[in-house]
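S.K.: So that we are looking at the same thing, I have put the structure below in structure tokens.
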């Protein structure tokens with residue numbers, strides 16, 4: 493049994509439209525590494541400088557990995573890794589006039 | 524084009540003014556793929572800032588799951604700008620992660636008060652769209668009232 497990964501609409505163009513994938517690994521990072529081999533470009537959308545991108549949320553079994561061990565959060569067979577773009581923004585970014 | 528009812532738009536503006544000068548955020552949910560938002564779900568801006576908003580990731584996951592289970596979707600993601608126009612900022616564009624959603628921005632800046640604008644934002648590409656307000660919810664069936672002659 494492997495880890496089930498939920499892909500958001502935004503990233504499905506990179507997974508051939510697939511909404512759910514299976515992958516293996518002992519940590520979130522290992523799972524993402526394996527996915528990157530199958531779906532090149534996916535990791536860049538999720539990570540920057542070795543950490544989860546600011547506007548991307550990753551959850552293991554519904555828990556935000558920021559409140560666990562981030563990318564080192566352990567996963568095991570049967571776990572679910574959910575990827576969800578954050579709902580965030582605001583006028584702070586230059587460009588709002 | 525974004526079509527929504529006047530009561531829904533009023534709910535968004537009321538939320539924006541209630542939270543002013545902090546940015547307000549929430550979603551308008553409706554049947555997935557229908558293009559007809561039916562209810563306003565105000566969410567808490569955990570950033571608690573005048574120029575930034577973020578929905579609690581845990582609350583977001585739970586809400587997204589609930590909507591999905593009910594055959595609904597966050598058709599509209601709204602937020603307020605409290606000191607600038609209702610235009611997408613760099614952060615808005617960078618964060619936009621729902622390609623199918625309408626991004627509704629309202630302004631509570633006194634200079635642009637109650638400005639309401641809607642955008643589609645995908646992978647850094649921003650397209651403004653018209654906002655059409657209906658007095659009330661449209662019928663589920665076409666409005667052709669062909670009188671039956673008996």
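Chains as they are written, first to last, in my numbering: chain A, 493 to 589; chain B, 524 to 673. Ideal placement from N, C-alpha and C gives every residue a C-beta, glycine not left out. Just so you know, these numbers come straight off a predicted model, no measurement behind them.
1. Any contact between the region 524-532 of chain B and the region 516-535 of chain A? By contact I mean 3 or more CB pairs, one from each, below 8 angstroms.
2. Got a sec: is the Cβ-Cβ distance from residue 563 of chain B to anything in chain A below 8 angstroms?
3. In whole angstroms, what separates the C-alpha of residue 668 of chain B from that of residue 534 of chain A?
4. Rounded to the nearest angstrom, what separates residue 532 of chain A and residue 582 of chain A at their Cα positions?
5. Do residue 503 of chain A and residue 621 of chain B come within 8 angstroms of each other at the CB atom, strictly closer than that value?
6. Rounded to whole angstroms, what is the Cα-Cα separation between residue 654 of chain B and residue 592 of chain B?
7. Taking the alpha carbon of residue 590 of chain A as the reference point, which residue from A:570, A:569, A:549 has its own alpha carbon closest?
8. Throw me the rounded Cβ distance for the residue 642 of chain B and residue 580 of chain A pair, which I believe falls under 8 angstroms.
9. Can you list the residues of chain B that residue 551 of chain A reaches, using a CB-CB cut of under 7 angstroms?
10. For the region 592-604 of chain B against the region 561-578 of chain A, do three or more pairs of beta-carbon atoms, one drawn from each stretch, fall closer than 8 angstroms, so that the two count as touching?
11. Taking residue 549 of chain B as the reference, give the member of B:637, B:635, B:648, B:627 with the closest Cα.
12. Using alpha carbons as the reference points, say which of A:576, A:584, A:572 lies closest to residue 518 of chain A.
M.R.: Answer, in terms of the structure:
1. no
2. no
3. With a pLDDT of 44 at residue 668 of chain B, under the threshold of 50, the modelled position of that residue is not reliable, and the figure given next carries that caveat. C-alpha separation (whole angstroms): 51 angstroms.
4. 31 angstroms
5. no
6. 28 angstroms
7. Outside the shown range of chain A (493 to 589) lies residue 590 of chain A, about which nothing can therefore be said.
8. Not confirmed; about 15 angstroms, so no contact.
9. 584
10. no
11. B:627
12. A:572
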